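These notes concern the structure reproduced below.
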């Protein structure tokens, strides 16, 4: 069975790039969200295996969504994806329970590596 993923980023082109990578490696994108509020709602209804999460988004940040998702499901596997100048928020995300992170602009191989590592546990 394919790994089910929720892709969260306020930039539509970034969601599209991630979806292409995910489907190329045989994973199923079960949902997309453009902000942290949508991410938390969709996580609760879709219960994906993995979430890719941007940090800086309108309405509610990726950190807000991560807190809410981890409160709902302490075993949630969330990979943060954010710009290189967001080092402190990335460290906060890891402290809050994110399992890995990828820095934008990212290399396709780095995304695949992080996702495979997360899926393997």
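Residue numbers (the working numbering): 597 to 717. Cβ coordinates follow ideal geometry from the N, Cα and C atoms, glycine included. Quantities reported herein were computed from a predicted structural model and do not represent experimental measurements.
Closest by C-alpha distance to residue i, when choosing among the options
i           : options            : result
residue 658 : 611, 635, 642      : 635
residue 652 : 622, 677, 698      : 677
residue 694 : 612, 665, 644      : 665
residue 669 : 617, 605, 648, 643 : 643
Cα-Cα separation between residue i and residue j, rounded to whole angstroms
i           : j           : result
residue 685 : residue 602 : 21 Å
residue 608 : residue 600 : 19 Å
residue 701 : residue 707 : 11 Å
residue 712 : residue 661 : 22 Å
residue 710 : residue 650 : 15 Å
residue 655 : residue 632 : 7 Å
Beta carbon proximity, residue i to chain B, threshold 8 Å
i           : result
residue 700 : In the displayed structure, chain B is absent; only one protein chain is listed.
Beta bridge counterpart(s) of residue i as assigned by DSSP
i           : result
residue 697 : 676
Unbroken alpha helix (DSSP H) run spanning residue i, endpoints
i           : result
residue 619 : 608-620
The beta strand (DSSP E) enclosing residue i, as first and last residue numbers
i           : result
residue 624 : 624-629
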